[in-house]
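Protein chains in written order, with full-length UniProt numbering: chain Y, 1 to 322; chain C, 1 to 347. Virtual Cβ for every residue (Gly too), placed ideally from N, Cα, C. Notes for the one structure printed next.
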């Protein structure tokens with residue numbers, strides 16, 4: 001890979017003794033679309049909140065996050081202010097609570113334009129109108145004067161995306177951007193994110209619990225479990241040859257669209273509590289293949305193939321001749 | 001003589017008055033607009049649609065938690081008694097509801113065992129306390145919890161365990177009908193699979209009929225024997241899950257199916273323009289026509305009926321799918337897709 005846009009090394013986060021992230025290594029190339037998949041509490045959102053310095057003070061963060069070679073973890077507020085919303089933008093699950101309900105949307109988009117591009121007055125309004133147009137809001141000129149409550153959930157998410165584009169970001173982090181939306185609206189937003197990426201060349205990190213959403217939007221996927229990345233591969237490869245038992249479990253838990261209906265291969269049990277992390281591999285207590293060796297140490301990610309890594313002892317064993 | 005189906009709803013209609021703005025005139029919103037459905041014993045009917053389509057209200061009407069403004073519900077061949085009366089209460093023991101958010105459905109200050117025992121006390125099941133405790137233990141085992149977990153409080157359980165506790169409580173009175181309103185939406189993927197497996201297994205063991213309300217077509221296919229697709233208060237298509245999923249007849253069902261994100265699926269999505277319309281501003285004719293890629297002139301004027309389609313008998317409410325009008329050419333439908341999206345005025 002060429003020089004990555006973002007390189008995360010050994011990122012760890014700890015909330016008062018409870019580990020939320022336990023060493024994340026992740027690289028995003030310029031223009032790439034990466035999916036981050038996992039269940040609630042696995043640390044997929046915390047990774048980006050930590051990287052951008054958005055976690056509350058009691059969180060202990062360590063490791064390294066480099067943006068185009070420059071360290072941004074623990075950087076000065078002035079540096080972070082240029083990065084956040086500028087070079088790296090983030091959108092969240094619930095657009096209605098991310099927008100200010102008492103300001104017109106045009107003013108909110110213009111505020112982002114003022115902060116990141118120094119645009120004011122008529123120029124800012126014209127650019128805000130262009131952005132609303134770009135994200136597919138019909139009648140953008142008049143919609144500038146609408147309040148968030150006058151728009152639907154899908155339209156509000158489009159406004160959030162317009163605000164994120166205001167800083168002309170090199171990377172857009174979308175944290176469950178369609179989870180609060182209906183399926184037909186979800187399809188519209190995913191289509192829009194793909195089109196914007198083609199137009200602007202920005203990289204995209206799509207955080208989702210839905211493997212299907214990631215499969216349709218991203219080129220590469222990282223699967224997270226209990227604060228670590230357990231498997232990483234190109235999308236087609238991950239679905240064709242999932243290696244980590246957790247990934248296999250997630251795929252097996254998805255109801256199929258055709259074929260006979262049989263019980264789903266549900267993963268037994270539930271995610272471990274941060275204070276009660278099992279020794280060794282965190283997935284071992286739920287894993288159908290767990291062996292004594294799994295409790296001895298946290299497995300490191302190993303390359304199963306070029307561009308495909310899994311953090312499982314079995315992945316290594318499968319590489320060895322029988 | 002034909003045995004009456006377990007549940008038969010005819011022409012259910014529920015209207016609400018909604019005020020627009022602080023001093024606005026109240027407008028009538030038809031949340032459910034003439035829904036008829038039948039559910040046989042031990043079977044599952046999946047009710048799918050997007051938010052605001054009236055699927056949850058339909059579930060509440062069926063249970064008698066709300067009274068319909070028009071239409072009727074018959075349970076085991078008997079009309080629904082007036083709410084609050086002793087016969088109504090007796091009937092309510094035979095039908096139970098499971099909600100989306102298990103933490104909200106459980107009382108945080110009560111151990112789950114006591115909560116599961118509560119319906120037994122209310123409906124006078126089990127003469128002695130020991131008998132009831134035995135039943136609670138059996139129910140906990142039924143849903144995959146351990147009897148010793150009866151003393152746990154909701155916050156001490158995981159999301160999946162809480163939903164199991166809610167299910168155990170719903171099953172306490174041995175109901176013939178379970179209305180599950182988005183029972184898995186608040187759960188993680190791996191836990192969703194556990195709960196779906198549990199529902200199917202309990203049904204095969206206890207013979208409970210299930211009305212499964214969900215926005216998730218995949219989940220509906222997994223658990224249902226029949227599926228009904230709702231749009232703006234009406235059923236627009238009904239049939240076997242595989243038939244509806246693999247060959248949807250109604251253009252809305254087609255869009256809904258094509259919007260299911262699926263790993264490794266190459267086919268193009270049908271993108272609908274705009275948002276579901278506001279129920280207070282119901283479009284004329286077919287309510288779907290402003291977003292429909294194949295709508296023709298008649299669709300804006302005449303309301304299509306839900307009826308069996310000639311040929312395969314699929315129940316669908318669409319002039320085009322019924323073959324009453326020729327389907328428009330591809331060019332026409334492409335032009336239709338480029339129409340500006342509608343903006344919902346819902347407050």
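query	result
Partners in chain C for residue 261(Y), counting only beta-carbon separations shorter than 7 angstroms	222
Pair within 8 angstroms by beta-carbon distance, residue 152(C) and residue 198(C)	no
Start and end residues, alpha helix (DSSP H) containing residue 24(Y)	Note, residue 24(Y): premise wrong, no alpha helix (DSSP H); beta strand (DSSP E) at 18-28.
Nearest-angstrom Cβ-Cβ length linking residue 177(Y) and residue 157(Y), presumed shorter than 8 angstroms	6 angstroms
Enclosing alpha helix (DSSP H) for residue 239(Y) [first to last residue]	235-240
First and last residue of the uninterrupted alpha helix (DSSP H) at residue 207(Y)	Not the alpha helix (DSSP H): residue 207(Y) falls in the beta strand (DSSP E), residues 203-208.
Chain-ordered chain C contacts of residue 248(Y) [CB-CB under 7 angstroms]	Under the 7 angstroms cutoff, chain C gives no residues; its nearest Cβ is about 11 angstroms from residue 248(Y).
Buried versus exposed call for residue 102(C) [16 or more other C-beta atoms within 10 Å across all chains shown]	buried
Whole-number beta carbon distance between residue 260(C) and residue 235(Y), since they are thought to touch under 8 angstroms	Wrong, their Cβ atoms sit about 17 angstroms apart, outside the cutoff.
Rounded separation between residue 168(C) and residue 159(C) - CA only	14 angstroms
Bridge partners - residue 79(C), DSSP secondary structure assignment	74(C)
Neighbour-count burial assignment, residue 296(Y), 16 or more Cβ in a 10 Å radius	exposed
contact_flag[the region 50-64 of chain C, the region 167-182 of chain C] where n(CB pairs < 8 angstroms) is 3 or more	yes
Amino acids of chain Y, ordered along the chain, whose beta-carbon sits closer than 8 angstroms to that of residue 56(C)	Result: empty, since nearest Cβ-Cβ is about 14 angstroms, beyond 8 angstroms.
8 angstroms CB neighbourhood of residue 121(C) in its chain, flanking five on each side removed	132
Whole-angstrom C-beta distance between residue 266(Y) and residue 194(C), which should lie under 8 angstroms	4 angstroms
Chain C contact for residue 230(Y) (CB, 8 angstroms cutoff)	no
Residue 56(C): first and last residue of the uninterrupted alpha helix (DSSP H) it sits in	55-63
is_contact[residue 293(C), chain A] using C-beta, thresh 8 angstroms	Absence of chain A from the displayed structure is noted, the protein chains being Y and C.
Straight-line Cα distance separating residue 117(Y) from residue 86(Y)	9 angstroms
Ordered list of alpha helix (DSSP H) runs contained in the region 220-294 of chain C, each at least 4 residues	241-246, 251-258
Given 8 angstroms, three or more beta-carbon pairs between the region 145-162 of chain Y and the region 80-99 of chain Y	yes
Contact between the region 113-131 of chain Y and the region 164-171 of chain Y (3+ Cβ pairs under 8 angstroms)	yes
Pick from 135(C), 148(C), 257(C), 321(C) that is closest to residue 48(C), judged by C-alpha positions	257(C)
Whole-number beta carbon distance between residue 243(Y) and residue 312(Y), since they are thought to touch under 8 angstroms	7 angstroms
Residue burial classification, residue 33(C) (beta-carbon count within 10 angstroms, cutoff 16)	buried
Proximal residues of chain C, C-beta to C-beta of residue 64(Y) below 9 angstroms	Those do not exist, as residue 64(Y) stays about 30 angstroms from chain C at its closest Cβ, beyond 9 angstroms.
Top-ranked residue by Cα proximity to residue 39(Y), from 15(Y), 279(Y), 175(Y)	175(Y)
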